[in-house]
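*Asks:* The opening position of the sequence shown corresponds to residue 1 in my numbering, with each subsequent residue numbered one higher.
For each residue, glycine too, the CB sits at the ideal point set by N, CA and C.
Just dropping this structure here.
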Amino acid sequence: MFSKEIAIDLGTANSLIIYKGEVVVDQPSIVAGDKKREEVISVGEKAMQMQGKTHANIETIRPLKDGVIADFRAAEAMIRGFISMMNERHNWYNH
Numbered sequence: 001m002f003s004k005e006i007a008i009d010l011g012t013a014n015s016l017i018i019y020k021g022e023v024v025v026d027q028p029s030i031v032a033g034d035k036k037r038e039e040v041i042s043v044g045e046k047a048m049q050m051q052g053k054t055h056a057n058i059e060t061i062r063p064l065k066d067g068v069i070a071d072f073r074a075a076e077a078m079i080r081g082f083i084s085m086m087n088e089r090h091n092w093y094n095h
């Protein structure tokens, strides 16, 4: 059995993923989603760029408020998106 360790620091403003002591993801803690289709469009920096610049069907959500998870579905989507970013940037699961 193999073990891979990562650390995730969820912050109200930014979230980090750290692998082997190196910050591999540093993104704003924000999610953009389509309200009609109930699906996530983007997370992090791309979602931040959408804030206030999209039509009414797309909303941006900050899943953490005052250091506490306020929206669990959005927080889960955000974490999944950040881990996907990590996988795209680093082949961490083969180290």
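How long is the line joining the alpha carbons of residue 19 and residue 78, rounded to whole angstroms?
*Replies:* 18 Å
*Asks:* Note down the Cα distance separating residue 7 from residue 55, rounded to an integer number of angstroms.
*Replies:* Spanning the alpha carbons of residue 7 and residue 55 requires a straight line of approximately 35 Å.
*Asks:* Assign residue 29 to buried or exposed, taking buried as 16 or more other Cβ atoms, counted over all protein chains shown, within 10 Å of its Cβ.
*Replies:* buried
*Asks:* Any idea what DSSP makes of residue 81, helix, strand or coil?
*Replies:* helix
*Asks:* For the stretch 9 to 50, list the alpha helix (DSSP H) runs that are entirely contained and at least 4 residues long, ordered along the chain.
*Replies:* 45 to 50
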